[in-house]
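Numbering (the numbering used here), first residue to last: 621 to 966. All C-beta atoms in this analysis are idealised placements derived from N, C-alpha and C, irrespective of residue type, glycine included. One structure is given below, encoded as structure tokens.
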């Protein structure tokens with residue numbers, strides 16, 4: 621422990637951890653051995669909060685492998701996207717099996733279209749309460765990308781934590797949720813703190829989050845070099861400086877407005893378009909220039925945009941209200957300009 625160490629209390633859960641959470645969605649892409657090594661290094665470096673989900677393929681399994689023998693020393697949050705109480709019970713049983721544990725610290729409803737409540741007919745909240753009373757889960761949380769559902773969850777008094785996208789590209793309405801959570805003594809877990817890779821300055825991202833003493837950012841980590849950055853912030857947490865403020869202002873100017881966050885809730889596409897990749901290709905080319913974006917495979921993926929049915933399913937499912945078909949068309953045009961040498965990737 622150092623005097624610089626920044627701790628976060630997750631509201632009424634009384635969970636207190638370092639202001640660095642580990643988001644385990646990316647570890648789906650690496651082997652069991654690599655994942656266990658990465659997770660244990662995070663633990664040894666001081667990270668104690670690990671967020672996963674039933675929907676993250678083998679992520680729970682890898683967490684179980686890494687932490688079975690030191691379960692009581694960490695906090696695990698997982699999620700279920702079940703639509704009924706019975707299905708949620710099945711998800712919970714599978715999560716406990718994969719995580720090699722007999723309890724979950726925070727069990728979250730995974731981005732529901734509505735705010736689950738007792739008596740709403742789904743049986744979801746009742747199933748969560750039953751699991752809590754049985755000691756299988758300790759706290760009930762909710763994740764969302766919709767301002768309305770998130771606000772309703774806070775006002776309901778039914779939830780102990782909210783997980784919501786928050787980064788320095790956030791709107792005032794997003795930041796208002798942070799204050800509402802604080803007043804309600806509800807933990808705020810910040811996902812998408814790097815906006816799905818669009819933010820490439822992790823120190824600036826941390827300094828922004830550090831302005832909110834009740835916010836726990838969870839960083840999606842896949843590589844040891846990425847983990848090392850966040851571990852360095854435990855003893856030397858970045859603070860808001862004039863230099864960092866300028867970085868944030870520049871990024872806000874470049875990225876303000878309608879852009880795809882890559883959350884994937886528009887998927888699947890009936891025409892087979894990888895919307896959550898293709899609708900943000902222009903930004904990725906500018907901010908993370910890589911020959912990988914221009915390979916033959918990537919070109920084929922972008923060409924699929926021509927097959928758009930204009931059914932507007934993606935538009936109706938976008939939690940940010942984007943005109944997704946128009947965004948796809950614009951990204952395809954930008955991409956072709958880059959391929960033709962009419963535009964730079966930086």
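**Message:** Using the Cβ count rule (16 or more neighbours within 10 Å means buried), how would you classify residue 717?
**Reply:** Classification of residue 717: exposed, given that the 10 Å Cβ count is below 16.
**Asked** What are the uninterrupted segments assigned as alpha helix (DSSP H) that are 4 or more residues long and contained completely in the segment 786 to 843, given in chain order?
**Response** 792 to 803 and 822 to 829
**Asked** Taking just the CA atoms, how far does residue 929 sit from residue 895?
**Response** 13 Å
**Asked** Among 920, 948, 860 and 634, which one has its Cα closest to the Cα of residue 726?
**Response** 634
**Prompt:** Within this structure, are the beta carbons of residue 640 and residue 839 separated by less than 8 Å?
**Reply:** Result yes, Cβ atoms of residue 640 and residue 839 sit closer than 8 Å.
**Message:** Can you look up residue 944 in the DSSP assignment and give me helix, strand or coil?
**Reply:** helix
**Request:** List the whole-angstrom C-beta distance separating residue 763 from residue 699, where the pair is believed to meet the contact cut-off of C-beta under 8 Å.
**Result:** 6 Å
**Message:** Just verifying my parser: in three-state terms, what is the DSSP assignment at residue 622?
**Reply:** Low local confidence applies: a pLDDT of 43 at residue 622 is under 50, so the model's placement there is unreliable, with the coordinate-based value given in what follows. The answer is coil: DSSP assigns residue 622 none of H, G, I, E or B.
**Request:** Report yes or no: do three or more beta-carbon pairs, one from the segment 748 to 766 and one from the segment 795 to 803, lie closer than 8 Å?
**Result:** no
**Asked** With DSSP run on the structure shown, which of helix, strand or coil describes residue 703?
**Response** coil
**Item:** residue 636 (DSSP reduced to helix, strand or coil)
**Value:** strand
**Request:** Taking only the alpha-carbon atoms, compute the straight-line gap between residue 931 and residue 661 and give it to the nearest angstrom.
**Result:** 46 Å
**Message:** Please state whether the Cβ-Cβ distance between residue 836 and residue 808 is less than 8 Å.
**Reply:** yes
**Exposure of residue 951, with buried meaning 16 or more beta-carbon neighbours within 10 Å** = buried
**Message:** Is there a Cβ of chain C sitting closer than 8 Å to that of residue 693, yes or no?
**Reply:** Protein chains in the displayed structure number just one, and chain C is not present.
**Request:** Check each candidate in 960, 695, 760 and 887 and name the one with the smallest Cα separation from residue 669.
**Result:** Measuring C-alpha to C-alpha distances from residue 669 to each of 960, 695, 760 and 887 identifies 695 as the nearest.
**Rounded separation between residue 851 and residue 926 - CA only** = Going by the C-alpha atoms only, they are around 44 Å apart.
**Prompt:** Is the CB-CB distance between residue 822 and residue 789 below 8 Å?
**Reply:** no
**Message:** For residue 695, list the residues DSSP reports as bridge partners.
**Reply:** 669
**Spatial distance of residue 708 from residue 810 (CA atoms)** = 24 Å
**Item:** Residues near residue 757 by beta carbon distance below 6 Å, same chain, minus five either side
**Value:** 724, 727 and 751
**Request:** Please say whether residue 786 and residue 794 have beta carbons closer to each other than 8 Å?
**Result:** In this structure, residue 794 sits near residue 786, with a CB-CB distance shorter than 8 Å.
**Request:** Look at the alpha carbon of residue 736 and the alpha carbon of residue 779, and state the distance between them as a whole number of angstroms.
**Result:** 10 Å
**Three-way DSSP call (helix, strand, coil) for residue 678 in this model** = coil
**Prompt:** Where does residue 966 land, buried or exposed, given buried means 16+ other C-beta within 10 angstroms?
**Reply:** Because residue 966 sits at a pLDDT of 49, beneath the cut-off of 50, its placement in the model cannot be relied upon, and the point is left open.
**Request:** Just the C-alpha distance for residue 944 and residue 924, rounded to the nearest angstrom, thanks.
**Result:** 14 Å
**Asked** What span of residues does the alpha helix (DSSP H) with residue 725 cover, start to end?
**Response** That residue, residue 725, is in no alpha helix (DSSP H); its beta strand (DSSP E) goes 724 to 730.
**Asked** So the alpha helix (DSSP H) residue 859 belongs to, where does it begin and stop?
**Response** Under the DSSP assignment, residue 859 falls outside any alpha helix (DSSP H); it carries neither an H nor an E label.
**Prompt:** Going by beta carbon distance, what residues of the same chain come within less than 6 Å of residue 828, once the five residues before and after it are set aside?
**Reply:** 788
**Item:** Boundaries (first-last residue) of the beta strand (DSSP E) holding residue 762
**Value:** 757 to 763
**Asked** Helix or strand or just coil, what does DSSP make of residue 782?
**Response** DSSP places residue 782 within a strand segment (E or B) once states are collapsed to three.
**Asked** If residue 853 sits next to residue 885, beta carbons under 8 Å apart, how far is it from one beta carbon to the other, in whole angstroms?
**Response** The distance from the Cβ of residue 853 to that of residue 885 is about 30 Å, inconsistent with a contact at the 8 Å cut-off.
**Asked** Which residue comes first and which comes last in the alpha helix (DSSP H) that contains residue 768?
**Response** 767 to 776
**Message:** Can you check which of these residues, 630, 629, 663 and 956, is closest to residue 844 by C-alpha distance?
**Reply:** 663
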